[in-house]
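Below is one structure, written out as structure tokens; comments come after it.
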Amino acid sequence: MLTPSIFALYFIVLLGIDRLISEDFGPLRRMRIGLLSMTSCCNSKLVPTISLFAGSKRIELVTLFAPEHGLFGALQDQVAVHDSKYRGMRVYSIYGKTRKPALEALRNIDALVIDLQDIGVRYYTFIWSAMLMIEQAARAKKVVYVLDRPNPLNGQDVQGPLVDAGFESFVGLYSVPVRHGMTIGEMCTMLNHTHQLGADIKTIKLRGWRRKEPHCQTSVFWNVPSPNMPHFSTAQVYAGMCLLEGTNVSEGRGTTRPFETFGAPWIDANLLKRELSKKTPAGVAFRPVHFVPTFHKYEGRVCAGLQIYVTDMKKFKPVETGLEVIAALLRLFPRHFRWRKPPYEYEKKKMPFDILIGNSWVRKGIEKGNSISAMKAKWIPHIKKFQNTRKKFLFYT
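Going letter by letter, the sequence shown gives residues 47 to 443 in this note's numbering.
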């Protein structure tokens, strides 16, 4: 744990799992439990939720469910997770042949417990794994307990377009903005209500979290939730730089700074930096770099590009910044820049960039040379409507 003198700089947060343990598993006692979690999801003393549940005599942990990256968070993106065994328990994959378990997998449990570290960005698949599990729990008439965790980006800022009808996918099953500013407990509760799923959801809430505070201003440790989310600084830029997954530009996978570093063998890094400096987005700086990805796009080849630095978290707009980067890449390197073709995240027809951003008009607008600010003006009214809806489901004020 952090020392008391350092704690003075932070808001001390009790996680949902902390509160459950402090109550000696109160509402779950004597229940047979199915748990959707990973070993990176720990309490404030860095003990995995899975271990706490498996070692408790108050409950019976019957089965586990593993989302993308697997039970140990070790698998790379879009690598199928397989059913397995852990401590004699059945581990059902919900990121492989299927993204939700058969109802039979829920038959022998009394309650489903969800403890996942979402990062506050629509593309991150954990929230959608949670929602698909909740849909099945509703059908099986099983109660759902969500152990809440802070939104590491903060619980206020809402940014980026929502998902247009017809562009739903596993990186956006429901229409929410790219940055939604909600905890996983709040989001699951809201979507269960607004889409009338009929699940019985109970959230074990946080204590001590203030919506305006990002991860770096809380007492919560950064436990790497997936292989390419190693730092809080990665999460800060992910909402914008993940959009590069929809292109032939490396988003930095295979480096020690994924999403903070991007490039390709055909990029002139200094030229790109000069182009971006003409309209440098607020709260951000760029540095020319060269790197060699050890896997993924351009494996083993020297790439030129930029490293992105957040200089002011309050001013930084990651989605707009990511779109400005992509627009500049297309302007400067039209002979080389390409949109990635499907399949991507179980979608076989629609363009990967389109399902990430949630529509096709942003991509077409970039191709036409439309300004990013003009595109933003189009999604702002939808954000305001979303904010009016979500305020009914915010647990923390």
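Cβ atoms here follow ideal geometry from the backbone N, Cα and C, with glycine treated the same way. The structure presented is a predicted model; accordingly, all values stated were derived computationally and were not measured.
C-beta atoms of residue i and residue j nearer than 8 Å
i           : j           : result
residue 63  : residue 161 : yes
residue 352 : residue 328 : no
residue 295 : residue 281 : no
residue 368 : residue 210 : no
residue 227 : residue 194 : no
residue 330 : residue 246 : no
residue 173 : residue 233 : yes
residue 286 : residue 340 : no
residue 155 : residue 79  : yes
residue 206 : residue 224 : yes
residue 292 : residue 386 : yes
residue 208 : residue 222 : yes
residue 184 : residue 152 : no
residue 520 : residue 366 : With the chain covering 47 to 443 only, the question about residue 520 has no answer from this structure.
residue 397 : residue 389 : no
residue 290 : residue 308 : yes
residue 375 : residue 317 : no
residue 319 : residue 332 : yes
residue 373 : residue 412 : yes
residue 132 : residue 117 : yes
Boundaries of the alpha helix (DSSP H) in which residue i is found, first to last residue
i           : result
residue 437 : Element bounds for residue 437: n/a, residue is neither H nor E.
residue 388 : Here residue 388 belongs to no alpha helix (DSSP H), and DSSP marks it neither H nor E.
residue 231 : 230-240
residue 284 : 278-287
residue 315 : 315-323
residue 62  : 62-68
residue 214 : That residue, residue 214, is in no alpha helix (DSSP H); it is neither H nor E in DSSP.
residue 369 : 364-378
Exposure of residue i, with buried meaning 16 or more beta-carbon neighbours within 10 Å
i           : result
residue 410 : exposed
residue 157 : buried
residue 52  : In this prediction, residue 52 has a pLDDT of 43, which is less than 50 and means its spatial position is unreliable; what the coordinates show is noted afterwards. It is exposed - the Cβ of residue 52 has fewer than 16 other Cβ atoms within 10 Å.
residue 302 : exposed
residue 163 : buried
residue 420 : exposed
residue 358 : exposed
residue 48  : A caution first: residue 48 carries a pLDDT of 42, below 50, which makes its placement in the model too unreliable to give a value.
residue 149 : exposed
residue 434 : exposed
residue 216 : buried
residue 167 : buried
residue 99  : buried
residue 399 : buried
residue 93  : exposed
residue 432 : buried
residue 437 : exposed
Unbroken beta strand (DSSP E) run spanning residue i, endpoints
i           : result
residue 139 : 135-139
residue 182 : Where residue 182 is concerned, there is no enclosing beta strand (DSSP E), although the alpha helix (DSSP H) it sits in stretches over 172-186.
residue 351 : 349-356
residue 78  : 78-82
residue 130 : 130-132
residue 249 : 247-250
residue 160 : 157-160
residue 411 : Element bounds for residue 411: not the beta strand (DSSP E) but the alpha helix (DSSP H), 407-414.
residue 332 : 330-337
residue 310 : 307-310
Cβ-based neighbour list, residue i, same chain, cut-off 8 Å, excluding 5 preceding and 5 following
i           : result
residue 440 : 201, 228, 232 and 257
residue 178 : 140, 145, 146 and 219
residue 346 : 338, 339 and 340
residue 370 : 322, 325, 327 and 418
residue 356 : 279, 282, 283, 329, 330 and 362
residue 414 : none
residue 423 : none
residue 60  : 68, 90, 252, 253 and 254
Beta-carbon proximity list for residue i, same chain, < 6 Å, skipping 5 on both sides
i           : result
residue 187 : none
residue 115 : 121 and 272
residue 305 : 280, 283, 284, 287, 297 and 298
residue 235 : 247 and 439
residue 65  : 250
residue 313 : 350 and 351
residue 50  : Low per-residue confidence applies at residue 50: pLDDT is 38, beneath 50, and the placement is therefore not dependable, though the value from the model is reported in the following sentence. Result list for residue 50: empty, nothing under 6 Å.
residue 384 : 294
residue 276 : 270
residue 428 : 208
residue 77  : 105, 156 and 157
residue 95  : 63, 83, 87 and 161
Spatial neighbours of residue i in its chain, beta-carbon cut-off 7 Å, leaving aside the 5 residues before and after
i           : result
residue 442 : 201, 252, 255 and 257
residue 238 : 180, 245 and 247
residue 54  : Annotation note: pLDDT 44 at residue 54 (below 50); position unreliable, coordinate value reported separately. Closer than 7 Å at Cβ, skipping near neighbours: no residue.
Residue i Cβ short of 7 Å to the ligand SAM heavy atom set
i          : result
residue 83 : No copy of the ligand SAM occurs in the structure displayed, which carries no ligand at all.
Within-8 Å CB hit, residue i to chain C
i           : result
residue 186 : Absent from the structure is chain C; it holds one protein chain and no more.
Notebook entry, point to check: Between the stretch 389-407 and the stretch 320-340, are three or more C-beta pairs nearer than 8 Å?
Noted result: Touching, no, given that fewer than three Cβ pairs across the two stretches are closer than 8 Å.
Notebook entry, point to check: How about the stretch 106-114 and the stretch 81-93: do they share at least three Cβ pairs that are nearer than 8 Å?
Noted result: The stretch 106-114 vs the stretch 81-93: in contact.
Next item on the list: Give a yes or no on contact between the stretch 112-122 and the stretch 72-79, applying the rule of three or more CB pairs nearer than 8 Å.
Entry: Taking 8 Å as the limit for Cβ pairs, the verdict is that the stretch 72-79 does not touch the stretch 112-122.
Next item on the list: Decide yes or no for the touch test of the stretch 263-280 against the stretch 86-100: beta carbon pairs closer than 8 Å, at least 3 of them.
Entry: The stretch 263-280 vs the stretch 86-100: in contact.
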